[in-house]
Amino acid sequence: MNTIKKDRLIILTAVFAILLVVYLVFLYKLQIIEGEAYYKESRNQQVTTSTVVAARGNILDRYGRVIVSNKSSYDLTINESELFPSDDSVDSNATILKLVKLIREYGEDYIDELPITTEPPFEYTEISDTDKARLQAYMKTNKVDENATAVELLSSMRTRYKIDSNYSAEEARIIAGIRYAVNVRYLINTSDYVLVQDADMKLISIIRENNMLGVNVKESFVRGYNTTYAAHILGYVGLMNDAEYEKYAELGYSGDAKVGKSGVEYAFEKYLHGTNGTVQVTSAADGTIISKTYTTEPKPGNNVYLTIDIALQEATERALAATVNTLRAERGYDISEDLLGNDKEEKVTPTPTPTPTPTPSGQDGEDEKEKIDDEITGAGAVVVDVKTGEPLAIASWPTYNTSTMLENYSKLLTAKYSPLFNRALQGTYAPGSTFKPCTAIAGLTEKTISTSTRIKCTGVYTKYAAQGYAPQCWIYASHLTHGSDNVTEALRDSCNIFFYTVGNNLGIDKLEKYARQFGLGESTGIELYEETGNMSNRANHYEYAGTEWVVGDTLQAAIGQADSIFTPLQLAEYCAAIANNGQRHSASILKEARSYDYSEKIVQRTEEVLSTVKTEDYNWNAVHKGMELVAKHPDGSAYATFYNYGASTVACKTGTAQKGENITNDGIFICFAPVEDPEIAIAVVIERGQSGSRCAPVARSILETYFSIKSASDVTETEGSLLK
Numbered sequence: 000m001n002t003i004k005k006d007r008l009i010i011l012t013a014v015f016a017i018l019l020v021v022y023l024v025f026l027y028k029l030q031i032i033e034g035e036a037y038y039k040e041s042r043n044q045q046v047t048t049s050t051v052v053a054a055r056g057n058i059l060d061r062y063g064r065v066i067v068s069n070k071s072s073y074d075l076t077i078n079e080s081e082l083f084p085s086d087d088s089v090d091s092n093a094t095i096l097k098l099v100k101l102i103r104e105y106g107e108d109y110i111d112e113l114p115i116t117t118e119p120p121f122e123y124t125e126i127s128d129t130d131k132a133r134l135q136a137y138m139k140t141n142k143v144d145e146n147a148t149a150v151e152l153l154s155s156m157r158t159r160y161k162i163d164s165n166y167s168a169e170e171a172r173i174i175a176g177i178r179y180a181v182n183v184r185y186l187i188n189t190s191d192y193v194l195v196q197d198a199d200m201k202l203i204s205i206i207r208e209n210n211m212l213g214v215n216v217k218e219s220f221v222r223g224y225n226t227t228y229a230a231h232i233l234g235y236v237g238l239m240n241d242a243e244y245e246k247y248a249e250l251g252y253s254g255d256a257k258v259g260k261s262g263v264e265y266a267f268e269k270y271l272h273g274t275n276g277t278v279q280v281t282s283a284a285d286g287t288i289i290s291k292t293y294t295t296e297p298k299p300g301n302n303v304y305l306t307i308d309i310a311l312q313e314a315t316e317r318a319l320a321a322t323v324n325t326l327r328a329e330r331g332y333d334i335s336e337d338l339l340g341n342d343k344e345e346k347v348t349p350t351p352t353p354t355p356t357p358t359p360s361g362q363d364g365e366d367e368k369e370k371i372d373d374e375i376t377g378a379g380a381v382v383v384d385v386k387t388g389e390p391l392a393i394a395s396w397p398t399y400n401t402s403t404m405l406e407n408y409s410k411l412l413t414a415k416y417s418p419l420f421n422r423a424l425q426g427t428y429a430p431g432s433t434f435k436p437c438t439a440i441a442g443l444t445e446k447t448i449s450t451s452t453r454i455k456c457t458g459v460y461t462k463y464a465a466q467g468y469a470p471q472c473w474i475y476a477s478h479l480t481h482g483s484d485n486v487t488e489a490l491r492d493s494c495n496i497f498f499y500t501v502g503n504n505l506g507i508d509k510l511e512k513y514a515r516q517f518g519l520g521e522s523t524g525i526e527l528y529e530e531t532g533n534m535s536n537r538a539n540h541y542e543y544a545g546t547e548w549v550v551g552d553t554l555q556a557a558i559g560q561a562d563s564i565f566t567p568l569q570l571a572e573y574c575a576a577i578a579n580n581g582q583r584h585s586a587s588i589l590k591e592a593r594s595y596d597y598s599e600k601i602v603q604r605t606e607e608v609l610s611t612v613k614t615e616d617y618n619w620n621a622v623h624k625g626m627e628l629v630a631k632h633p634d635g636s637a638y639a640t641f642y643n644y645g646a647s648t649v650a651c652k653t654g655t656a657q658k659g660e661n662i663t664n665d666g667i668f669i670c671f672a673p674v675e676d677p678e679i680a681i682a683v684v685i686e687r688g689q690s691g692s693r694c695a696p697v698a699r700s701i702l703e704t705y706f707s708i709k710s711a712s713d714v715t716e717t718e719g720s721l722l723k
């Protein structure tokens with residue numbers, strides 16, 4: 000037994016000895032024979048830690064159709080410590096010129112922030128306040144006279160950056176521009192300077208092949224758009240300016256982060272923006288990546304669902320453009336004019352105007368006299384869900400293509416008709432006769448009239464004739480009157496005398512109270528930037544008109560003139576409140592936000608009632624009936640558009656906003672449908688559209704699209720009907 004144990008011990012000892020010898024031989028080879036080679040290889044490897052940009056969240060419509068997503072891209076960045084080492088071991092200026100030459104050869108533009116012209120004679124260019132502050136900070140830090148000319152500043156840069164005298168003035172300007180941008184970048188934060196965004200892959204390959212020290216290729220994302228519509232809603236993303244960096248740095252944003260600049264991208268930045276990660280990359284001397292190790296995983300942003308129906312949005316924009324083109328063509332204006340991205344996938348053709356029994360001349364204040372200035376300069380249309388207040392479509396004309404917005408930005412800023420201006424949310428217009436339903440409800444609720452009250456139209460309102468004020472009804476221009484109207488008939492006829500009387504009996508204070516309950520002159524609750532407009536009132540009348548309030552102002556306010564100005568969104572929500580028997584909902588455009596993998600609901604839209612106009616049902620019925628007659632009665636101002644419309648019943652009101660003696664009036668139109676169980680409300684405004692009846696074809700086209708989608712949905716149970 001002891002012999003067996005002894006043999007085992009000998010065997011184990013022998014095995015251990017053999018292993019030890021093998022290990023010592025391997026160690027000798029590794030450290031002595033091949034040690035120098037391994038040492039050189041380790042010296043040639045480079046370990047860098049860099050930021051991994053997190054993907055931004057997607058933007059989807061109410062049905063989950065992706066509108067905006069991400070595309071992988073590559074940015075060229077400059078690392079100051081690598082390209083401009085303190086020991087001058089790199090010919091930085093030569094590298095810059097070589098880099099710019101490559102960039103230009105591949106048709107790319109680089110970001111040059113030096114506000115000096117690129118060719119002699121060198122002069123300062125016009126710059127923003129932010130860029131001006133950067134220039135001043137640079138001059139102060141580098142002890143340059145704040146009153147130095149552009150030539151003097153460039154001369155000081157030539158000295159500071161050791162730009163060889165053999166370089167031409169243009170080459171020196173290129174070098175100075177990039178070095179200035181890098182220098183300024185480090186005055187405000189510590190991020191690498193992004194020289195080229197979304198660079199072409201061929202350029203990236205050449206940069207990598209040349210292994211240009213200090214010039215880095217950084218993986219990033221650019222926004223990809225699945226629609227050419229909804230530009231004013233979606234907005235855009237871009238690099239931060241100084242003020243934005245101060246705001247977002249506190250939230251952990253890196254200095255080169257892209258943030259929402261406008262629209263939904265800006266409004267929901269807190270949901271869409273992801274959290275960047277970090278990665279350690281080991282690279283060989285030739286640039287080959289040996290390994291990647293994530294020290295912090297990036298977390299993509301959340302996905303945002305809007306209340307918008309992108310199919311209805313596209314149809315609304317097409318309908319608005321078609322009607323505008325029709326009116327412009329009728330007046331002899333060129334409808335093929337390029338508005339920098341306004342052209343869509345298909346050619347927008349003018350919409351034929353129905354021509355049944357004509358509306359009486361001058362309805363809603365329409366002036367048939369030839370005007371000097373009749374060029375349509377803009378238009379807006381909004382569609383909302385009556386039951387919830389949710390915006391379903393928000394259109395502004397002219398528009399632009401979001402995909403090409405950044406490259407066209409400087410042109411868009413100065414383009415004819417201001418395509419960047421969102422008329423649907425920021426344009427403010429006198430409502431004209433579309434305000435009369437508000438006056439009617441106020442009078443009925445305050446009992447200055449009842450549904451059976453009749454007021455005789457004599458063509459002229461004579462109550463204040465002795466004081467020199469006797470406004471007329473629009474029909475009196477044709478030497479006609481409306482006779483005796485009740486409130487329903489007065490809405491059908493849009494009788495000014497009726498509403499002058501109601502407004503006078505109410506007084507401006509009560510009229511203002513009801514207007515505000517309808518949301519006119521109030522915030523709608525939408526998260527995008529909007530104007531709140533103004534409801535005529537005593538308090539700020541002098542500010543608007545430069546005169547003290549008089550009784551005539553009350554009469555004009557009652558028919559939607561005076562100082563009243565509202566946005567198309569406010570008018571759409573006002574119309575929805577009329578349809579909804581006085582209940583006004585928030586116009587929040589956020590339906591919900593979900594985590595990047597869609598597994599978790601981050602926030603859900605809740606219905607919010609902002610105000611309620613309380614009155615008896617029979618009062619609502621009288622107003623609804625009057626608005627319905629505007630569309631279905633031969634005397635109604637929208638009859639020409641809706642006389643043969645059978646998809647649903649429609650209640651509407653046309654309006655005309657007077658612009659001045661030599662300017663064609665704005666056209667205003669509101670409607671809701673179906674009358675018996677309202678689903679959607681629409682507001683349309685066309686600048687210098689002449690009258691509200693000229694806007695009605697836009698609404699009809701929208702209604703046809705909405706109900707055709709809904710009809711298909713009812714049958715197939717696929718996308719298209721409103722989510723409840």
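If you count by numbering that gives the first Met the number 0, then the sequence shown holds residues 0 to 723, one letter each, in order.
Glycine included, each C-beta is placed from N, C-alpha and C at the ideal position.
For W396, the three-state secondary structure derived from DSSP is strand. Per DSSP, V383 lies in no alpha helix (DSSP H) segment; the continuous beta strand (DSSP E) that holds it begins and ends at 378-384. Of all C-beta pairs linking the segment 389-406 to the segment 630-641, fewer than three are shorter than 8 Å, placing the two stretches out of contact. Comparing C-alpha distances from Y166 to each of Q689, A93, I288 shows the shortest one belongs to A93. If you keep only unbroken beta strand (DSSP E) runs of at least 3 residues inside the segment 578-633, you get 582-584, 589-593, 600-603, 608-611. Remark: three or more beta-carbon pairs, one from each stretch, lie closer than 8 Å, so the segment 47-58 and the segment 254-274 are flagged as touching.
A residue is called buried when at least 16 other Cβ atoms come within 10 angstroms of its Cβ; R7 does not meet this threshold and is exposed. Distance check between L479 and each of Y252, K462, K455 places K455 closest, using alpha-carbon atoms only. Per DSSP, C574 has no beta-bridge partner at all. Here DSSP, grouped into helix, strand and coil, assigns V674 to coil.
In the three-state reduction of the DSSP assignment, P696 falls in the helix class, which pools H, G and I.
T611 has its alpha-carbon roughly 13 Å from the corresponding atom of C574. Across the structure, I162 and K97 are spaced so that their CA atoms are roughly 14 Å apart. In the three-state reduction of the DSSP assignment, N215 falls in the strand class, which pools E and B. In the three-state DSSP reduction, N664 falls in the coil class, being neither helix nor strand. In this structure, the beta-carbon distance from I66 to A310 does not fall below 8 Å. Of the residues V385, S72, S483, I558, the one whose Cα lies closest to the Cα of V501 is I558.
If you compare the alpha carbons of L510, F267, L589 with that of Q560, the shortest gap goes to L510.
Cβ-Cβ distances below 6 Å link C670 to V649, C651, I681, A698 in the same chain, with the five nearest sequence neighbours on each side left out; the list follows chain order. For a cut-off of 8 Å, the C-beta gap from V674 to H632 is around 13 Å, too long to register as a contact. Runs of the alpha helix (DSSP H) lying entirely within the segment 394-462, each at least 4 residues long, are 408-413, 422-425, 435-444 in chain order. DSSP places K652 within a strand segment (E or B) once states are collapsed to three. Of the candidates C437, T444, V381, A318, the residue whose Cα lies closest to the Cα of Q425 is V381. Contact annotation: L82 and L238 have beta-carbon atoms that are not nearer than 8 Å.
The Cβ atoms of N275 and I601 do not sit closer than 8 Å to each other.
Judged by DSSP secondary structure, S154 falls within the alpha helix (DSSP H) whose first and last residues are 149-159. Cβ atoms of G666 and S690 come within 8 Å of each other, at about 5 Å.
Under DSSP, K100 forms no beta bridge with any residue.
By the Cβ test, the segment 124-133 is not in contact with the segment 227-238, since fewer than three Cβ pairs between them sit closer than 8 Å.
Rounded to the nearest whole angstrom, the CA to CA distance from K590 to S253 is 29 Å. Comparing alpha-carbon positions, the option among T76, V150, E145 lying closest to A180 turns out to be T76. DSSP places V263 in no beta strand (DSSP E) but in the uninterrupted alpha helix (DSSP H) bounded by 262-266.
DSSP assignment within the segment 485-524 yields the following whole alpha helix (DSSP H) runs of 4 residues or more, N-terminal first: 486-492, 495-505, 507-516. Contact between G223 and K70 holds, with the beta-carbon distance rounding to 4 Å and staying under 8 Å. In this structure, the straight-line span from the alpha carbon of F565 to that of R593 is close to 34 Å. Where I288 is concerned, the enclosing beta strand (DSSP E) starts and stops at 288-295.
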